[in-house]
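Residue numbering for the sequence shown follows the UniProt record's numbering, beginning at 1 and increasing consecutively.
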Amino acid sequence: MLLHALLFASMVADSPFRPLPEQQSGKESGSAPTGGATGTEEGVASLPFAQGRRFATLDSYLAHLKTQSAIDLPWWREISPGVYEHVRHMPGAPRETATREELMKRFGFAR
């Protein structure tokens, strides 16, 4: 029984599904913009489908989302200069568009 407990403890300790350091400490730096993201000098955290990464710019975040589209995650496609369409692979999903400024505000980017 002790062997099983030790084996379980070692598996949990090596798990990649641990809270991020800011979640462990309970601290949040900066103000929380719309969408629950937290902005810091290191970038914006807690973004949808960011997989724990921080992004310094909206462009870097949108590029990350585009790479995730290969596994059918939603992303934003630029349909005209400064206007984006939310691409979702769900039948009957309503069409959603937003300007660059709206996305920056929505996701908490200052630049």
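All C-beta atoms, glycine included, are put in the ideal place defined by N, C-alpha and C.
Under 8 Å between C-beta atoms of residue 84 and residue 65
no
Using the Cβ count rule (16 or more neighbours within 10 Å means buried), how would you classify residue 93?
exposed
Cut-off 8 Å between Cβ atoms - residues of its own chain near residue 42, not counting five sequence neighbours on either side
54, 56
Endpoints, alpha helix (DSSP H) assigned at residue 102
100 to 107
Is residue 45 buried or exposed, if buried means 16 or more other CB atoms sit within 10 Å of its CB?
buried
Residue of 61, 100, 95 minimising C-alpha distance to residue 87:
95
Unbroken beta strand (DSSP E) run spanning residue 80, endpoints:
75 to 80
Residue 45 (DSSP reduced to helix, strand or coil):
strand
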